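Asks:
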Amino acid sequence: MNKQVLLLIFGMALVTYLPRLLPLVFGLSRALPSWLKRFLSFVPYALLSALIFPEILYSTGSVASAVAGGLVALVLAFYRVNLFLVVIGGIAGVIFIQLLGG
Amino acid sequence: MKTKTNSFHQGIKAGLPIALGYFPIAVAFGVLAKNTGLSTVAAVLMSSMVFAGASQFVALNLLAIGTSYWQIIITTFILNLRHFLMSASLAQRLKPGKLAPLLAFGITDETFSVLSFQPAADNNPPFVLGVNTVAYLGWISGTFCGSLMGQELPALLRTSMGIALYAMFIGLLVPKIKASKAALCLTVLAIAVSSLLYWGPSPLSTLANGWKLMITTILVCTIGTLLFPEEVTEDE
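Chains A and B, in that order, are what the protein sequence lines are.
So the mapping is simple: our numbering equals the position in the first sequence, first residue as 1, plus 911.
So the mapping is simple: our numbering equals the position in the second sequence, first residue as 1, plus 1.
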């Protein structure tokens, strides 16, 4: 591996690590104003929703199989099935549709 | 000490779906890295030092078209800036002490999602470490296998496992939506904004993915802060 690639990897590692590190290590104590605490408490919901949709539609070989897998996961999640089984169920849903040629 | 070990094990269990979802993606990364001319050592080094999937794929694309290194590094920074929000959100529930540098390193979209919806992660550094560790191992081992084999997993396996992380996100989110109207509103709002950024007019839809996620998150959380006087609590 040449030195250039090594520098690239170190550079990427550094700029990725700093935003991860700074809030957790410094400053952001629990003594924040309540509006900011609320803001931060909403982050998981907003981020997770944005991560799911619309990208999920293109996560498998076809939109049809992705929708099928997504629906299986949705139903299992609705009944609060164990997370690992939700994932397996989603995969099974995709395989089922793909085996049908979808 | 015993409880600490237990928490670590619980964390590993909670993080298993992430590892399952990471593995095929990391294999794809390893294969692509090899085709881009990165050695197995370089690919595994990148995965173990950067540990941020989307930006690693983008870096390979940019390398392939001969982009300068500093541009790749700036793009990486932009794509991964959203971790700042996640780290700040986690800091509200976690006093990591000396483990902070280690725990911060493991923050990804996926580990953050699992940790956010696990009450067990509250003030529990060993649990967080367990989740991060198993996710990390899934990512590294997949990269290694992909680079070594130089070929993708069988098509049916690869495409079907593409849904894994999304299914996990759904599994995390849906029970919360059921229990809280505020969570439901935030979700509907975020899906609307994210769809607009994805399918909307061109200055929006051509934005890098990292920007889209960050814009959606900041916008939706701001609206949420104005609409809801309290943090998300279960209505039941």
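Every residue, glycine too, gets a C-beta built ideally from N, C-alpha and C.
Treat the numbers as computed from the prediction; the structure is a model and nothing was measured.
Could you give the DSSP three-state label for Cys222(B): helix, strand or coil?
Replies: Cys222(B): helix per DSSP, three-state reduction.
Asks: Could you tell me whether any Cβ in chain B is nearer than 8 Å to the Cβ of Lys914(A)?
Replies: Closer than 8 Å: no.
Asks: Taking Cβ-Cβ distances shorter than 9 Å, what residues in chain A pair up with Ile73(B)?
Replies: Ordered by position in chain A, the residues that pass the 9 Å Cβ test against Ile73(B) are Leu919, Gly922 and Met923.
Asks: Once the 5 residues before and after Phe30(B) are set aside, which same chain residues still bring their CB inside 8 Å of it?
Replies: Here the set comprises Ala44, Ser48, Gly54, Gln57, Phe58, Leu61, Gly143, Thr144 and Gly147.
Asks: Would you kindly work out how many angstroms separate the C-alpha atoms of Leu157(B) and Ile1006(A), rounded to a whole number?
Replies: Each residue's alpha carbon lies about 7 Å from the other.
Asks: Select from the segment 958-970 of chain A all residues with a C-beta closer than 8 Å to any C-beta belonging to chain B, and list them in chain order.
Replies: So the list reads Leu958, Leu959, Ser960, Ala961, Leu962, Ile963, Phe964, Pro965, Glu966, Ile967 and Ser970, given in the order they occur along the chain.
Asks: Can you give me the C-alpha to C-alpha distance between Arg949(A) and Leu227(B), rounded to a whole angstrom?
Replies: Going by the C-alpha atoms only, they are around 10 Å apart.
Asks: Can you tell me whether Leu1010(A) is buried or exposed, with buried defined as 16 or more other CB within 10 angstroms of its CB?
Replies: Leu1010(A) is exposed by the Cβ-count criterion.
Asks: Helix, strand or coil: which one does DSSP assign to Met2(B)?
Replies: For Met2(B), the pLDDT reaches just 46, beneath the cut-off of 50, and the residue's location in the model is therefore unreliable, leaving the point undetermined.
Asks: Just list the alpha helix (DSSP H) runs in the segment 94-151 of chain B, keeping only unbroken ones of 4 residues or longer that don't cross its boundaries, in chain order.
Replies: Within the segment 94-151 of chain B, the complete alpha helix (DSSP H) runs of at least 4 residues are 101-106, 110-117 and 126-150.
Asks: Note down, in chain order, each residue of its chain lying with its Cβ closer than 7 Å to the Cβ of Leu174(B), except the 5 sequence neighbours on either side.
Replies: Correct list, in chain order: Thr188.
Asks: Does any residue of chain A bring its CB to less than 8 Å from the CB of Ile171(B)?
Replies: Chain A, which has a Cβ nearer than 8 Å to the Cβ of Ile171(B), makes this yes.
Asks: Considering only the beta carbon of each residue, do Thr971(A) and Thr77(B) sit closer than 8 Å?
Replies: No.
Asks: For a contact meaning CB atoms closer than 7 Å, what does Leu1011(A) contact in chain B?
Replies: Within 7 Å Cβ-Cβ: nothing; Leu1011(A) doesn't reach chain B, min ~12 Å.
Asks: State yes or no: is the C-beta of Ala165(B) within less than 8 Å of the C-beta of Gly12(B)?
Replies: Against a cut-off of 8 Å, the Cβ pair of Gly12(B) and Ala165(B) comes out as no contact.
Asks: Ignore the nearest five residues each way along the sequence and tell me which others in Ile1008(A)'s own chain have a CB closer than 7 Å to its CB.
Replies: Closer than 7 Å at the Cβ level, and outside the excluded window around Ile1008(A), lie Ala975, Ser976 and Ala979.
Asks: Quick check: Lys177(B) and Phe118(B), are their CB atoms within less than 8 Å of each other?
Replies: Cβ atoms of Lys177(B) and Phe118(B): closer than 8 Å.
Asks: State yes or no: is the beta carbon of Pro955(A) nearer than 8 Å to at least one beta carbon in chain B?
Replies: It does; some Cβ of chain B falls within 8 Å.
Asks: Leaving out five residues on either side along the sequence, give the residues of the same chain with a beta carbon under 6 Å from the beta carbon of Leu64(B).
Replies: Cβ neighbours of Leu64(B) beyond the five flanking positions: Thr37.
Asks: Count the other CB atoms, across all protein chains shown, that sit within 10 Å of the CB of Glu237(B); report buried if there are 16 or more and exposed otherwise.
Replies: Note that Glu237(B) scores 46 on pLDDT, short of 50, meaning its location in the model is unreliable and no value can be drawn from it.
Asks: With H, G and I counted as helix, E and B as strand and the rest as coil, what does DSSP make of Arg83(B)?
Replies: Arg83(B): coil per DSSP, three-state reduction.
Asks: Is there at least one Cβ from chain B nearer than 8 Å to Val974(A)'s Cβ?
Replies: Not one chain B Cβ lies under 8 Å of Val974(A).
Asks: For Ala89(B), count the other beta carbons within 10 Å of its own beta carbon; 16 or more makes it buried, fewer makes it exposed. Which is it?
Replies: By the neighbour-count rule (16 or more Cβ atoms within 10 Å), Ala89(B) is buried.
Asks: Along the chain, which unbroken stretches of the alpha helix (DSSP H) at least 4 residues long are found entirely within the segment 964-990 of chain A?
Replies: Those alpha helix (DSSP H) runs which fall completely within the segment 964-990 of chain A and span 4+ residues are 974-989.
Asks: Mapping DSSP to helix, strand and coil, what is Pro176(B)?
Replies: DSSP places Pro176(B) in helix when its eight states are reduced to three.
Asks: Give a yes or no on whether the C-beta atoms belonging to Pro1(B) and Met169(B) are separated by under 8 Å.
Replies: No answer is possible for residue 1(B): it lies beyond the span of chain B, which begins at 2 and ends at 237.
Asks: With 16 other CB atoms within 10 Å as the buried threshold, where does Leu991(A) fall?
Replies: One detail in the question is off: residue 991(A) reads as Arg in this sequence, not Leu. That one is exposed.
Asks: At a Cβ threshold of 8 Å, is Leu994(A) touching chain B?
Replies: It does: the Cβ of Leu994(A) has a partner Cβ on chain B nearer than 8 Å.
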